[in-house]
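Colleague: Take a look at the following structure, please.
There are 2 protein chains.
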Amino acid sequence: MNIPPQPSGVRFIDDYLVYLLARAAHQVSSEFHEQLRRRGISVAVWRVLSGLLGSEGETVTGLAELCLLQQPTMTKLLDRMARQGLVVRSPDLKDRRVVRVALTEDGQSMADELALAARMHEADVLARHPPAEAEAMKSLLRAILARHDKPRRAG
Amino acid sequence: MNIPPQPSGVRFIDDYLVYLLARAAHQVSSEFHEQLRRRGISVAVWRVLSGLLGSEGETVTGLAELCLLQQPTMTKLLDRMARQGLVVRSPDLKDRRVVRVALTEDGQSMADELALAARMHEADVLARHPPAEAEAMKSLLRAILARHDKPRRAG
DNA sequence: GCGGTTTATATGAAGCCGCACTTATGGCTG
DNA sequence: CAGCCATAAGTGCGGCTTCATATAAACCGC
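Quick mapping for you: the protein sequence lines, in order, are chains L and G.
Using UniProt numbering, read the first sequence as starting at 1 and increasing by one per residue.
Using UniProt numbering, read the second sequence as starting at 1 and increasing by one per residue.
Next up, the structure:
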């Protein structure tokens with residue numbers, strides 16, 4: 001174990017991995033979230049739209065997991081998005097407990113448009129870094145994710 | 001510009017930097033947040049406690065920025081934490097608009113204890129990765145933060 | 001194919017968050 | 001020092017998230 005003592009002169013959080021991750025995520029995404037705000041689209045709605053991009057029918061629980069939300073939150077979010085005509089729910093044919101969620105035409109075009117803006121923002125972000133660093137970023141993050149995928153069961 | 005088209009067979013979000021960051025932050029922190037849950041401490045409270053560690057009197061706005069929250073949210077969070085005896089507010093002597101926030105003795109000991117648990121979790125997280133990768137993580141995140149520090153004014 | 005367990009989604013109550021706004025103080029310029 | 005803008009903190013309200021729970025369907029062993 002051997003936890004080093006708090007380095008003097010450095011704030012705890014400035015050397016705390018979880019905080020650095022949270023802050024980096026926040027700062028980078030806040031730039032794009034500002035664009036969403038201007039268009040009157042909430043972050044949660046954008047997450048659902050992007051999560052449904054290219055997916056033919058996600059489940060409610062699956063979407064919640066994807067969007068880093070609780071399942072009841074997703075149910076209500078989908079209620080609102082369905083009311084706005086962005087998504088449709090349809091029953092799963094094989095398992096009647098399951099609800100499949102898909103984009104409507106409106107939802108699809110909104111998702112496409114936002115995804116384009118998102119890619120442009122991403123390119124802009126990556127352009128601020130030296131190429132080697134930019135390369136390393138995604139693969140490092142993927143490595144973290146791979147090693148932290150929640151132990152499904154009996155981990 | 002030249003935005004590449006959506007690679008076929010790969011979900012949008014699986015190659016989207018902002019999502020990878022958000023997901024990595026979420027997954028890594030959720031492990032520690034589970035510990036907080038068991039102790040009945042909210043994530044927001046922990047953030048404030050850790051933000052005040054080693055700091056002699058943060059401002060409300062400064063704390064909000066540090067904790068990635070809005071200032072009004074911080075005001076109300078501090079109300080609750082003050083009621084619980086974790087922090088104290090005191091007027092700044094030089095600028096009467098400013099309120100300085102500091103840990104109480106209870107708050108300090110809770111912060112110390114949690115920071116220890118956080119360091120242990122961090123060590124555990126880093127241990128799952130090859131040393132070179134673990135090294136790279138923090139410095140890469142710091143590089144991102146350095147290049148994305150919000151343009152204060154006239155950016 | 002019948003109970004018991006597990007999984008998927010929905011619901012209701014309670015609390016937190018964020019926006020817009022208000023109040024109070026400081027700082028700058030003429 | 002008067003007037004004006006900038007900055008700090010607090011407040012009210014509406015909406016979203018969450019926790020705990022309910023309901024329904026599927027799976028599993030016998």
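Glycine residues also receive a C-beta, built at the ideal position from the N, C-alpha and C atoms.
#1: Do you know how far the Cα of Leu103 (chain L) is from the Cα of Asp92 (chain L)?
#2: Out of curiosity, what's the CA-to-CA distance linking Leu86 (chain L) and Ala118 (chain G)?
#3: What in chain L is Cβ-close to Leu141 (chain G), meaning under 7 Å?
#4: If you run the structure through DSSP and keep just helix, strand and coil, what is Val43 (chain G)?
#5: Counting along the chain, where does the beta strand (DSSP E) carrying Arg89 (chain L) start and finish?
#6: Let me know if Glu56 (chain G) comes out buried or exposed under the rule of 16 or more other beta-carbons within 10 Å of its beta-carbon.
#7: Should Val18 (chain G) and Val28 (chain L) be called a contact, given that it needs their Cβ atoms to be closer than 8 Å?
#8: Does Gln27 (chain L) come within less than 8 Å of chain G when only Cβ atoms are used?
#9: Is Val99 (chain G) close to chain L? Criterion is C-beta to C-beta, closer than 8 Å.
#10: If you reduce the DSSP assignment to three classes, tell me which class Thr73 (chain G) lands in.
#11: Cα separation between Val99 (chain G) and Ala64 (chain G)?
#12: Is the beta carbon of residue 169 (chain G) less than 8 Å from the beta carbon of Ile13 (chain L)?
#13: Between which residues of its own chain and Gly107 (chain G) is the CB-CB distance below 6 Å, once the five residues before and five after are set aside?
#14: DSSP three-state label for Glu58 (chain L), please.
#15: Within 10 angstroms of its Cβ, does Val125 (chain L) collect 16 or more other Cβ (buried), or is it exposed?
#16: Could you tell me if Ala22 (chain L) is buried or exposed, where buried requires 16 or more neighbouring beta carbons within 10 angstroms of its beta carbon?
#17: Could you check how far apart the C-beta atoms of Met81 (chain L) and Val48 (chain L) are, in whole angstroms? I think they sit under 8 Å.
#18: Beta-carbon within less than 8 Å of Asn2 (chain L)'s beta-carbon, same chain only, minus the 5 sequence neighbours each way: which residues are those?
#19: Would you mind working out which of L:Ile41, L:Pro130, L:Gln70 sits nearest Met110 (chain L), comparing C-alpha positions?
#20: Are Glu133 (chain L) and Leu140 (chain G) close, meaning C-beta to C-beta below 8 Å?
#21: Does Val125 (chain L) get closer than 8 Å to chain G when you measure Cβ to Cβ?
#22: Rank G:His148, G:Glu135, G:Tyr16 by C-alpha distance to the C-alpha of Leu53 (chain L) and give the top, closest one.
#23: For the beta strand (DSSP E) containing Leu103 (chain L), name the first residue and the last one.
#24: Between the C-alpha atoms of Arg39 (chain L) and Glu113 (chain G), what's the straight-line distance to the nearest angstrom?
#25: Do you know how far the Cα of Val10 (chain L) is from the Cα of Met74 (chain L)?
#26: Quick one: Cα of Cys67 (chain G) to Cα of Glu58 (chain G), how far?
#27: Going along the segment 110-137 of chain G in order, which residues come within less than 8 Å of chain L, judged by CB to CB distance?
#28: Considering only the alpha carbon of each residue, which of L:Arg89, L:Asp149, L:His129 lies closest to His148 (chain G)?
#29: Rounded to the nearest angstrom, how far is the Cβ of Leu78 (chain G) from that of Arg96 (chain G), given a contact under 8 Å?
#30: Within 10 Å of its beta-carbon, does Ala115 (chain L) have 16 or more other beta-carbons around it, so buried, or fewer, so exposed?
#31: Since Lys138 (chain L) contacts Leu20 (chain G) with CB under 8 Å, what's their CB separation in whole angstroms?
Modeller: On the basis of the data shown:
#1: 15 Å
#2: 41 Å
#3: Leu20, Leu21, Ala24
#4: helix
#5: 87-91
#6: exposed
#7: yes
#8: yes
#9: no
#10: helix
#11: 13 Å
#12: The question about residue 169 (chain G) has no answer, for chain G in this structure spans 1 to 155.
#13: Leu86, Val87
#14: strand
#15: buried
#16: buried
#17: 6 Å
#18: Its pLDDT being 37, under 50, Asn2 (chain L) is placed unreliably in this model, and the value from its coordinates should be taken loosely. Closer than 8 Å at the Cβ level, and outside the excluded window around Asn2 (chain L), lies no residue.
#19: L:Ile41
#20: yes
#21: yes
#22: G:Tyr16
#23: 99-103
#24: 44 Å
#25: 40 Å
#26: 12 Å
#27: Ala115, Leu116, Ala118, Arg119, Met120, His121, Glu122, Ala123, Val125, Leu126, Arg128, His129, Glu133, Ala136, Met137
#28: L:His129
#29: Leu78 (chain G) to Arg96 (chain G), Cβ: 18 Å. No contact.
#30: buried
#31: 6 Å
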